[in-house]
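First up is the structure itself, then whatever we jot down about it.
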Amino acid sequence: MVPAADGRAPSVRDGAEADAPAVGPEKRAAVPLDPPHPRALCSENSFDCLAQGYCAMLSRERTRSAHTVRAARTDLEAYGRWCVREGRDVTSLTHRDIRSYLAFLDQARYARATIARALSTIRGFHRWLFDGGHAQSDAASFMQGPRASRHLPAVMRPAQAALLLDAHRVDPLPVAPTREEAIALRDWAILEFLYASGARVGEVSSLRTDALDLPHGQAKVMGKGSKERIVPLHDLCLDALMSYRRLGRPVLVAGRDEPWLFLSSRGGRMSTDALRKMFKKALARAGLPGHFSPHALRHSFATDVLAGGADLRSVQELLGHASLSTTQVYTHLTPEGLQSVHRQAHPRA
Numbered sequence: 026m027v028p029a030a031d032g033r034a035p036s037v038r039d040g041a042e043a044d045a046p047a048v049g050p051e052k053r054a055a056v057p058l059d060p061p062h063p064r065a066l067c068s069e070n071s072f073d074c075l076a077q078g079y080c081a082m083l084s085r086e087r088t089r090s091a092h093t094v095r096a097a098r099t100d101l102e103a104y105g106r107w108c109v110r111e112g113r114d115v116t117s118l119t120h121r122d123i124r125s126y127l128a129f130l131d132q133a134r135y136a137r138a139t140i141a142r143a144l145s146t147i148r149g150f151h152r153w154l155f156d157g158g159h160a161q162s163d164a165a166s167f168m169q170g171p172r173a174s175r176h177l178p179a180v181m182r183p184a185q186a187a188l189l190l191d192a193h194r195v196d197p198l199p200v201a202p203t204r205e206e207a208i209a210l211r212d213w214a215i216l217e218f219l220y221a222s223g224a225r226v227g228e229v230s231s232l233r234t235d236a237l238d239l240p241h242g243q244a245k246v247m248g249k250g251s252k253e254r255i256v257p258l259h260d261l262c263l264d265a266l267m268s269y270r271r272l273g274r275p276v277l278v279a280g281r282d283e284p285w286l287f288l289s290s291r292g293g294r295m296s297t298d299a300l301r302k303m304f305k306k307a308l309a310r311a312g313l314p315g316h317f318s319p320h321a322l323r324h325s326f327a328t329d330v331l332a333g334g335a336d337l338r339s340v341q342e343l344l345g346h347a348s349l350s351t352t353q354v355y356t357h358l359t360p361e362g363l364q365s366v367h368r369q370a371h372p373r374a
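Here it is in structure tokens:
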């Protein structure tokens with residue numbers, strides 16, 4: 026694949042923890058997530074060859090998620106188009122050249138978060154080029170991007186979350202559930218699990234049956250970078266999970282051997298897209314605004330446990346954040362909460 030010469034820059038969907046990237050309408054050749062070594066793909070250091078090698082390294086050696094690899098590929102495709110348009114060889118670029126590219130993105134009015142993500146990809150790419158002997162210097166090593174403005178995430182208030190969950194509680198439990206009742210039990214369990222654990226949609230989709238430890242009220246969640254964490258579950262969530270496993274899941278699995286906990290109506294693993302569609306329908310049934318996403322329950326979980334007195338480090342562990350700075354976005358509180366903290370903390374309050 027030869028980069029186009031139109032100099033177009035990447036686009037990124039809002040939200041640092043989104044579970045799937047935005048994909049344009051155009052069809053583009055997919056870069057294999059685990060292709061052979063780049064030297065086996067081509068005999069020269071073409072940009073495409075090097076970009077494929079870098080993306081393969083992210084997937085194979087650093088075990089980055091498919092979403093992260095696709096985002097890096099998108100950034101590099103745009104970077105490659107700019108290099109072709111400007112007639113520059115990526116293996117001999119200087120930091121001034123890279124600054125020119127960042128200026129191009131800024132002049133094109135891309136968001137700061139988009140530019141920051143592009144620079145992060147470029148830094149990793151040039152470091153890989155230098156370490157692999159493809160370039161004589163690491164041109165992007167000391168470059169810093171624009172400070173991204175922090176936007177407060179969309180958060181469901183506790184009353185809204187309760188309305189969503191209560192609208193999907195299955196009561197009374199069916200004795201011999203139909204397929205529709207089994208799906209209702211599944212949806213109830215998923216919604217309760219999202220709010221009880223703060224898990225991402227991708228983590229819920231990949232949850233296996235053996236990840237649940239219902240007697241001890243906890244579950245193992247596989248997060249980004251294949252990092253495993255233990256999340257505690259409250260009684261209401263445990264009730265929903267036990268009801269689904271005992272009554273609903275056997276109807277959906279139909280005797281097959283499926284390791285996944287949450288199954289589609291056809292008995293296979295429930296995809297992230299299916300989870301999002303289910304969530305939109307759940308919002309409509311509860312009479313809640315349709316702009317909320319499943320990630321809103323993750324934000325709500327973090328905000329509510331912090332407001333309830335949890336410390337930031339504990340919330341970081343529960344959410345599976347690699348950096349505490351990512352968790353700090355949830356330190357915003359309601360005015361009433363701030364007044365309460367002020368009264369308790371200030372010596373003259």
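Numbering of the sequence shown is given in our numbering, commencing with residue 26 and proceeding in unit increments. Yeah, the Cβ is synthetic: ideal placement off N, Cα and C, and Gly gets one too.
Query                                                                                                                                                : Result
Roughly how many angstroms separate the alpha carbons of M247 and G112, rounded to a whole number?                                                   : 44 Å
At 4 residues or longer, what runs of the alpha helix (DSSP H) sit wholly inside the stretch 224 to 306?                                             : 226 to 230, 260 to 268, 274 to 278
Can you give the beta carbon distance from V256 to Q243, rounded, assuming they're within the 8 Å contact cut?                                       : 6 Å
Using 8 Å for Cβ pairs, my map puts L322 next to L219. What's the rounded Cβ distance?                                                               : 4 Å
C262 and E217 look like a contact to me (Cβ under 8 Å); what is the Cβ gap, rounded to whole Å?                                                      : 4 Å
In three-state terms, what does DSSP make of P183?                                                                                                   : helix
Report yes or no: do three or more beta-carbon pairs, one from the stretch 286 to 294 and one from the stretch 231 to 245, lie closer than 8 Å?      : yes
My parser needs the alpha helix (DSSP H) runs of 4 or more residues fully inside the stretch 62 to 136; what are they?                               : 63 to 66, 72 to 85, 91 to 111, 120 to 132
For P202, which of D260, A184, A279 has the nearest alpha-carbon?                                                                                    : A279
I think A3 touches I123, with their Cβ atoms under 8 Å apart; what is that distance to the nearest whole Å?                                          : An answer regarding residue 3 cannot be provided, because it is not within the stretch 26 to 374 covered by the chain.
Which residues mark the beginning and the end of the alpha helix (DSSP H) in which H159 is found?                                                    : Counting along the chain, H159 falls outside any alpha helix (DSSP H), and DSSP gives it neither H nor E.
Report the rounded CA-to-CA distance for Y355 versus S325, giving the unit in angstroms.                                                             : 9 Å
Is G149 helix, strand or coil by DSSP?                                                                                                               : helix
Grab me the residues of L130's own chain with a C-beta within less than 8 Å of its C-beta, minus the 5 sequence neighbours each way, in chain order. : A34, T139, I140, A143
Would you kindly work out how many angstroms separate the C-alpha atoms of A265 and S296, rounded to a whole number?                                 : 20 Å
By how many angstroms is the C-alpha of A136 removed from the C-alpha of A160?                                                                       : 30 Å
Hey, L272 and L210: beta-carbon distance below 7 Å or not?                                                                                           : yes
With DSSP collapsed to three states, give me the class of Q169.                                                                                      : coil
Return the Cβ separation of G223 and L343 in integer angstroms, given the expectation that the two are a contact with Cβ distance under 8 Å.         : 6 Å
Taking Cβ to Cβ, would you say W153 is nearer than 7 Å to Y126?                                                                                      : no
Quick test of your reading: R254 and G333, contact by CB under 8 Å. State the CB separation rounded to the nearest angstrom.                         : So it is not a contact: roughly 20 Å between Cβ atoms.
Is the separation between the beta-carbon of L331 and that of V340 shorter than 7 Å?                                                                 : yes
Output the boundary residues of the alpha helix (DSSP H) element that contains Q341.                                                                 : 337 to 344
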